[in-house]
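> Numbering (the UniProt record's numbering), first residue to last: 1 to 210.
Using N, Cα and C, we set each Cβ at its ideal position, and we do this for glycine too.
#1: Where does residue 106 fall in DSSP's three states?
#2: Do you know how far the Cα of residue 38 is from the Cα of residue 110?
#3: With a threshold of 16 other CB atoms inside 10 Å of the CB of residue 7, please say whether the residue is buried or exposed.
#4: For residue 160, I'd like the list of residues in its chain whose CB is within less than 7 Å of its CB, leaving aside the five on either flank, ordered along the chain.
#5: Would you mind giving the Cβ-Cβ distance between residue 153 and residue 85, rounded to the nearest angstrom? I have them listed as a contact below 8 Å.
#6: Between the alpha carbons of residue 22 and residue 129, how many angstroms are there, rounded?
#7: Taking DSSP's pairing of strands, which residues face residue 84 in a bridge?
#8: Look at the alpha carbon of residue 172 and the alpha carbon of residue 149, and state the distance between them as a whole number of angstroms.
#9: Does residue 193 pass the burial test, meaning 16 or more other C-beta atoms within 10 Å, or should it be called exposed?
#10: Flag this pair as yes or no: are the beta carbons of residue 32 and residue 198 separated by less than 8 Å?
#11: Assess, as a yes-or-no matter, whether the region 42–52 is touched by the region 112–126 under the definition of 3 or more beta carbon pairs within less than 8 Å.
#12: How would you call residue 202, buried or exposed, if buried means at least 16 neighbouring beta carbons within 10 angstroms?
#13: From the DSSP secondary-structure annotation, give me the bridge partner or partners of residue 187.
#14: Can you list, in chain order, the residues of its chain with a C-beta nearer than 6 Å to that of residue 97? Leave out the 5 residues immediately preceding and following it.
#15: Please state whether DSSP places residue 70 in a helix, a strand or coil.
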């Protein structure tokens, strides 16, 4: 009887192992960088990214980086022909480093309101100068006319992405591989003030007081 139980146990283990395959690993979050590398020369970055566009007829996610910040509706209008997916909000304050806030797009106003809430939460959590900066960001983002969209992630085919690259408001279109998923994207847009290299911006100014 003991031998029979052992045979049954071995057969059960074999069946279970043959029926259930090991889980396939999911995509690695943040493994596909869109935007220049830290310290990369701007001219070198702009020269290399056209080769990363998808092939004819293929679609991909891409980071559309603007020459200057745009209000939400204007930013969405600029990317007409592609599907906007994520907004990158940034409040420009002279000589003050401000946060990049990434919000999924349902409507651009809803995304902006989530960015306001995130800045308000930072202002409540932080103290001193960082709290003052976050408070200034929240006040600026609360205005629907704020020119605070630095970039948009879109999805489009090669023809649509090529068309975006010709628009005067667009500085760069950096595409991910066609099989990349949103969770894999690490976004680091080129900022308007970065004219020579993707270096940190000055941070010795005072944020405006609300």
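Per the coordinate set shown:
#1: coil
#2: 31 Å
#3: For residue 7, the predicted structure reports a pLDDT of 38, less than 50, and the residue's modelled location is therefore unreliable. A value from the coordinates is still provided. Result: exposed.
#4: Hits under 7 Å: 81, 82.
#5: 5 Å
#6: Here the model assigns residue 22 a pLDDT of 48, short of 50, so the residue's position is not dependable, and the following value carries that caveat. C-alpha separation (whole angstroms): 50 Å.
#7: In DSSP, residue 84 forms a bridge with 154.
#8: 14 Å
#9: exposed
#10: no
#11: no
#12: exposed
#13: DSSP links residue 187 through a beta bridge to 34.
#14: 201, 203
#15: strand
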